[in-house]
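Each residue of the sequence shown is one higher than the one before, starting from 0 at the first, in numbering that gives the first Met the number 0. Here a beta-carbon is modelled for each residue, glycine too, at the ideal position from N, C-alpha and C. The structure displayed is predicted, hence computed values, not measured ones. Taking it in order: structure first as structure tokens, then the write-up.
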Amino acid sequence: MKRWLAAALLGLCITGVAHAAIDTYEFANDGERDRFRELTKELRCPKCQNQDIADSNAPIAADLRKEIFRMLGEGKDNQQIIDFMVDRYGDFVRYNPALTGKTALLWFGPGGLLLGGLVIIAVIVRRRRAQRSDSPNTLSVEERQRLDQLLDKNHP
Numbered sequence: 000m001k002r003w004l005a006a007a008l009l010g011l012c013i014t015g016v017a018h019a020a021i022d023t024y025e026f027a028n029d030g031e032r033d034r035f036r037e038l039t040k041e042l043r044c045p046k047c048q049n050q051d052i053a054d055s056n057a058p059i060a061a062d063l064r065k066e067i068f069r070m071l072g073e074g075k076d077n078q079q080i081i082d083f084m085v086d087r088y089g090d091f092v093r094y095n096p097a098l099t100g101k102t103a104l105l106w107f108g109p110g111g112l113l114l115g116g117l118v119i120i121a122v123i124v125r126r127r128r129a130q131r132s133d134s135p136n137t138l139s140v141e142e143r144q145r146l147d148q149l150l151d152k153n154h155p
């Protein structure tokens with residue numbers, strides 16, 4: 000009885016994998032197939048956010064793949080397809096958004112933060128070096144005598 004229960008449970012677990020959708024499209028030529036792969040790798044899944052629509056199993060990704068296939072069949076070029084997707088889902092749908100006023104922070108923000116951090120580190124290092132050069136590393140004779148007196152008082 001336990002074996003039957005284990006087999007039934009294993010069967011239920013495997014059915015989720017068996018229902019995974021596999022898209023099959025008939026392309027007119029290899030160039031169109033390559034364009035389809037390129038476009039589906041370039042566009043991000045709106046639901047998954049960290050996957051392109053080629054790798055995503057989300058229903059919306061499947062719909063977007065179908066839409067790309069349809070548009071390729073209509074003879075639209077890559078830029079027209081990308082423009083359609085951007086109009087519909089915004090710049091977020093592209094892994095590499097175009098350089099515009101809206102996306103300038105995305106492109107230059109990380110470099111600006113890195114450069115700002117390096118400037119701050121350089122300023123801190125210069126200030127510390129300036130403080131070290133201003134104060135001598137050795138004690139004067141009077142300071143040594145005072146230090147010796149203080150140490151002698153604390154340790155009999």
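| Asked | Found |
| --- | --- |
| Report the rounded CA-to-CA distance for Leu105 versus Ile120, giving the unit in angstroms. | 24 Å |
| Identify the residues that DSSP records as bridge partners of Leu42: which are they? | Arg93 |
| Check the C-beta distance from Arg43 over to Phe91 and give it rounded, since I have them as a contact under 8 Å. | 7 Å |
| Can you pull the DSSP bridge partners for Asp51? | Arg43 |
| Under the rule that 16 or more other beta-carbon atoms within 10 Å means buried, what is Phe35, buried or exposed? | buried |
| Taking Lys46 and Ala57 to be in contact with their CB atoms under 8 Å, please state how far apart those CB atoms are, rounded to whole angstroms. | 4 Å |
| Flag this pair as yes or no: are the beta carbons of Ile52 and Leu63 separated by less than 8 Å? | yes |
| Taking the CB atoms as reference points, tell me whether Glu41 and Tyr94 lie closer together than 8 Å. | yes |
| Does the Cβ of Ser139 have 16 or more other Cβ atoms within 10 Å, making it buried, or fewer, making it exposed? | exposed |
| DSSP on Glu25, reduced to helix/strand/coil? | coil |
| When we look at the beta-carbon of Thr99 and count the other beta-carbons within 10 Å, is it buried (16 or more) or exposed? | exposed |
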